[in-house]
Amino acid sequence: MYEPACGLQAKFERLFVQHGVNVVMAGHVHGYERTAPIVDNEFNADKGVVYVTTGAGGNYEGTYND
Numbered sequence: 188m189y190e191p192a193c194g195l196q197a198k199f200e201r202l203f204v205q206h207g208v209n210v211v212m213a214g215h216v217h218g219y220e221r222t223a224p225i226v227d228n229e230f231n232a233d234k235g236v237v238y239v240t241t242g243a244g245g246n247y248e249g250t251y252n253d
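Okay, so the sequence shown: first residue is 188 according to our numbering, each after it adds one.
Right, here's the structure in full:
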């Protein structure tokens with residue numbers, strides 16, 4: 188997902204960095220992924236954005252019965 192040509196990241200990353208965005212959260216992947224702080228797919232601890240993708244964010248999956 189975090190290739191240089193990735194749709195939304197490639198389109199919005201400059202704005203995220205310019206406005207000091209620290210974390211971007213997204214959903215619909217049925218798993219969990221998180222990057223280190225990155226800019227242009229390179230680690231950048233000072234200005235990087237952390238991208239989080241979670242499949243369960245905000246979705247009701249039913250009750251859990253042990």
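Glycine is no exception: its CB is placed at the ideal position from the N, C-alpha and C atoms.
Where residue i sits in the DSSP three-state scheme
i	result
A197	helix
V204	helix
A213	strand
T240	strand
Straight-line Cα distance separating residue j from residue i
i	j	result
V204	Y238	12 Å
A232	G194	23 Å
G218	M212	13 Å
A197	T241	19 Å
N252	E229	43 Å
CB contact flag (residue i, residue j, <9 Å)
i	j	result
M235	P224	Residue 235 is actually Gly in this sequence, not Met. Closer than 9 Å, so yes.
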